Amino acid sequence: MRVDKFLKVSRLIKRRTLAKEVGDRGWILVNGRTAKPGDRVVVGDVLQLNFGRHLLKVRILELRESVRGEEASRLYEILEDLVQAEGAGSA
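Add 11 to a position in the sequence shown, counting from 1, and you land on the number used in this note's numbering.
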């Protein structure tokens with residue numbers, strides 16, 4: 012399954028066009044490597060989404076073409092969900 016489609020189906024990102032844009036900007040890593048929206052993912056892959064100060068890292072547990080909203084979170088396991096405080100880490 013494509014990265015952008017997984018992000019939409021899992022509802023980690025609400026719209027596939029937004030998932031594509033995020034991928035085009037290089038804000039998605041798959042297993043530690045920068046991913047393009049059309050890159051393929053498989054069960055067990057680790058996705059990292061970098062949104063400015065927000066970092067979300069998940070492991071893919073299941074791939075499905077579509078799921079109901081309440082089932083979407085079963086497709087992945089959250090490994091990290093961090094929000095860096097403004098100004099933290101700057102010198």
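Note that beta-carbon positions come from the ideal geometry of N, C-alpha and C, so glycine has one too.
Predicted model only: the values in this text are computed from it and were never measured.
Residue j beta carbon less than 7 angstroms from that of residue i
i: Gly-37; j: Thr-28; result: no
i: Asn-42; j: Val-57; result: yes
i: Glu-73; j: Leu-86; result: yes
i: Ala-66; j: Leu-93; result: The question names Ala, but residue 66 is Leu in the sequence shown. For Leu-66 and Leu-93, yes; Cβs fall inside 7 angstroms.
Proximity test, residue i beta-carbon vs the ligand PLP heavy atom, cut-off 6 angstroms
i: Leu-60; result: Ligands displayed in this structure: none; no statement on the ligand PLP is therefore possible.
Buried/exposed call for residue i, threshold 16 Cβ in 10 Å
i: Gln-95; result: exposed
i: Gly-53; result: According to the sequence provided, residue 53 is Val. The question's Gly does not apply to it. Under this definition Val-53 is an exposed residue.
i: Glu-82; result: exposed
i: Asp-35; result: exposed
i: Phe-17; result: buried
Rounded distance between the beta-carbons of residue j and residue i, thought under 8 angstroms
i: Val-105; j: Ile-89; result: Not covered by the structure: residue 105. The range shown for the chain is 12 to 102.
i: Gly-49; j: Ile-71; result: With 8 angstroms as the limit, Gly-49 and Ile-71 do not qualify as a contact, their Cβ atoms being about 16 angstroms apart.
i: Arg-22; j: Gly-80; result: 7 angstroms
CB contact below 7 angstroms: residue i versus chain D
i: Arg-70; result: You won't find chain D in this structure, because it holds only one protein chain.
| request: Please go through the segment 22-82 and give each complete beta strand (DSSP E) segment of 3 or more residues, from N-terminal end onward. | output: Whole beta strand (DSSP E) segments, 3+ residues: 39-41, 57-62 and 65-71.
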